[in-house]
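> For any residue, its number in my numbering is found by taking its place in the sequence shown, counting from 1, and adding 1053. C-beta atoms are modelled at their ideal positions from N, C-alpha and C, and glycine is treated no differently. Model, not experiment: these values are computed from the prediction. Starting off with a structure, shown below.
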Amino acid sequence: MNSLFFKYLLIPFGLLSFSRVEKSHPIFMSVTQIEQNAKEKTLEVSCKIFTDDFEKALRAAYKSKIDLLDEKQKPVMDKFVNDYVQKHLKLVVDGKIVTMKYIGYENIEDAINNYFEVQNIGTVKKIEITDDILYEFKPAQISLLHVTVGGNRKSIKLSNPESKAVMVF
């Protein structure tokens, strides 16, 4: 029992990979990482979401057959993934709404990693994040946010229905 408790305690802190969680996992979360690339003047955004939960949420949202692992369906799935994440993850940098450019997604172990980029970002003093990924799917959903600006990393946990975070650098 203690090892089971310890195993699930470590998940939110990124100390245990998604692959070691059973298919019927007891925790519902997404992990969003935002990293400033000062040299390229971009924000690199990635969202990690359990594959099974993400597929169920996409099916409900788009009333379509969803299979994120089927390479033949990837062009269609790209549209669903991009649209869904864009609707559920919003960024405001230094008071300005920014647009995320969709790069793509990939399956890594039991999760889908979604990649986005925000261009023309010189400095970042304040970032406001609205993240309600999978909130309509699971009332117990949590979102972990990790933001790195100028080598300074800040993290926050949002629990459904909490969806807004502000980080000042």
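Hey, could you find the ends of the alpha helix (DSSP H) residue 1210 is sitting in?
Premise fails: residue 1210 lies in the beta strand (DSSP E), 1205-1212, not in any alpha helix (DSSP H).
> Please list the terminal residues of the continuous beta strand (DSSP E) segment that includes residue 1173.
Unbroken run through residue 1173: none, as it is neither H nor E.
> Can you check whether the CB of residue 1187 is closer than 9 Å to the CB of residue 1087?
No.
> Flag this pair as touching only if the segment 1210-1221 and the segment 1183-1202 have three or more C-beta atom pairs under 8 Å; answer yes or no.
Cβ pair count under 8 Å is three or more, so yes.
> Output the boundary residues of the beta strand (DSSP E) element that contains residue 1183.
That run of the beta strand (DSSP E) goes 1179-1184.
> Under the assumption that residue 1144 contacts residue 1171 (Cβ atoms under 8 Å), give the Cβ distance between them as a whole number of angstroms.
That pair is a contact at about 7 Å.
> Near residue 1084, which residues of its chain fall below 6 Å by C-beta distance, leaving aside the five closest residues on each side in sequence?
1101, 1197.
> If we ignore side chains and look at the alpha-carbon of each, how far apart do residue 1182 and residue 1209 end up?
Between residue 1182 and residue 1209, the C-alpha separation is close to 11 Å.
> Helix, strand or coil: how does DSSP classify residue 1104 here?
Reduced to three states, the DSSP call for residue 1104 is helix.
> So, at 6 Å on beta carbons, what are the nonlocal neighbours of residue 1175 in its own chain, with the 5 sequence-adjacent residues on each side left out?
These residues qualify, in order along the chain: 1094.
> Does residue 1074 come out as helix, strand or coil in the three-state DSSP assignment?
With a pLDDT of only 39 at residue 1074, under the threshold of 50, the placement of this residue in the model should not be trusted; the figure read from the coordinates follows. Note: residue 1074 maps to coil in three-state DSSP.
> Out of 1091, 1137, 1099, which one is the CA nearest neighbour of residue 1107?
Answer by Cα proximity: 1137.
> What runs of the alpha helix (DSSP H), each 4 residues or longer, lie entirely inside the segment 1094-1145?
As far as the segment 1094-1145 is concerned, its whole alpha helix (DSSP H) runs of at least 4 residues are 1104-1115, 1127-1141.
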